[in-house]
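Novice: In the working numbering, the protein residues as written are 15 to 238.
Backbone N, C-alpha and C fix where the C-beta goes; we use that ideal spot for every residue, glycine too.
One structure is given below, represented as structure tokens, and several questions about it will come after.
Here's what the structure looks like:
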């Protein structure tokens, strides 16, 4: 990717076909450093597939994906992609977000882990196996893993899922804090508060539609 461009992500002609079903078709878009991109769209429209292609977790059937090199990336996947029976503690999950950090000392990693556990309200559950957590507690743990490295790019797939109302306001504050110095790419069905935080709004329904409306759920909501 051209280092003089402010784009940190660029997709050109990206399509995904699986079992003869078109999931994404001819997707072209770019994301600039500092963008907060809110994405919504119908179930099965390809939102999660798009995120996984951007992250390099899926290879598109056609097209190109360019990601600026050296980015620290934090990723909160949907809960159903996590094996909650894997024998690992909350602390270990959160700390695993630092695996790519080669310059931190053990003491620094311990301090960051403790700070992040406090930040997500899971310090009292740090030693618990993730298999014993509620859906909301697991979601908060995965959020901790995503933010602990102070990422340049934070990718959130339905971050409000399973989150109870008591934690929701804190979640918004955490996202806003990260967005103040990072690029955020967020998929959600709940756009009421998130839409006010985002500077770009996209509808994904096999392809991408840029949306001018502040609150949107389907393409017809957009001012095109």
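1. Quick one: what does DSSP say residue 234 is sitting in, helix, strand or coil?
2. Suppose you measure from the CA of residue 118 to the CA of residue 207; what does that come to, to the nearest Å?
3. Taking the Cβ atom as the reference point for each residue, do residue 60 and residue 26 lie within a distance shorter than 7 Å?
4. Only counting the same chain, and skipping five residues up and downstream in sequence, which positions put a Cβ closer than 6 Å to that of residue 86?
5. So, with DSSP's three-state summary, where would you put residue 176?
6. Is the distance from the Cβ of residue 192 to the Cβ of residue 157 below 7 Å?
7. For residue 133, which residues of its own chain have a beta-carbon under 8 Å away from its beta-carbon, when the five flanking residues on both sides are left out?
8. Classify residue 52: buried if its beta carbon has 16 or more other beta carbons within 10 angstroms, exposed otherwise.
9. Report the residue from 170, 96 and 139 whose alpha carbon sits nearest the alpha carbon of residue 64.
10. Let me know the secondary structure DSSP gives residue 164 once reduced to three states.
11. What are the uninterrupted segments assigned as alpha helix (DSSP H) that are 4 or more residues long and contained completely in the stretch 181–211, given in chain order?
12. Quick one: using the 10 Å Cβ neighbour count with 16 as the cut-off for buried, is residue 18 buried or exposed?
13. Classify residue 30: buried if its beta carbon has 16 or more other beta carbons within 10 angstroms, exposed otherwise.
14. Would you report the Cα separation of residue 129 and residue 212, rounded to the nearest angstrom?
15. Are there three or more Cβ pairs, one per stretch, closer than 8 Å when the stretch 170–183 is compared with the stretch 104–120?
Specialist: Reading off the structure:
1. Note that residue 234 scores a pLDDT of 49, beneath 50, so its modelled location is shaky; the value from the coordinates is reported in the next line. Reduced to three states, the DSSP call for residue 234 is helix.
2. 35 Å
3. no
4. 163, 165 and 166
5. coil
6. no
7. 158, 161 and 188
8. buried
9. 170
10. coil
11. 208–211
12. Annotation note: pLDDT 45 at residue 18 (below 50); position unreliable, no value reported.
13. buried
14. 26 Å
15. no
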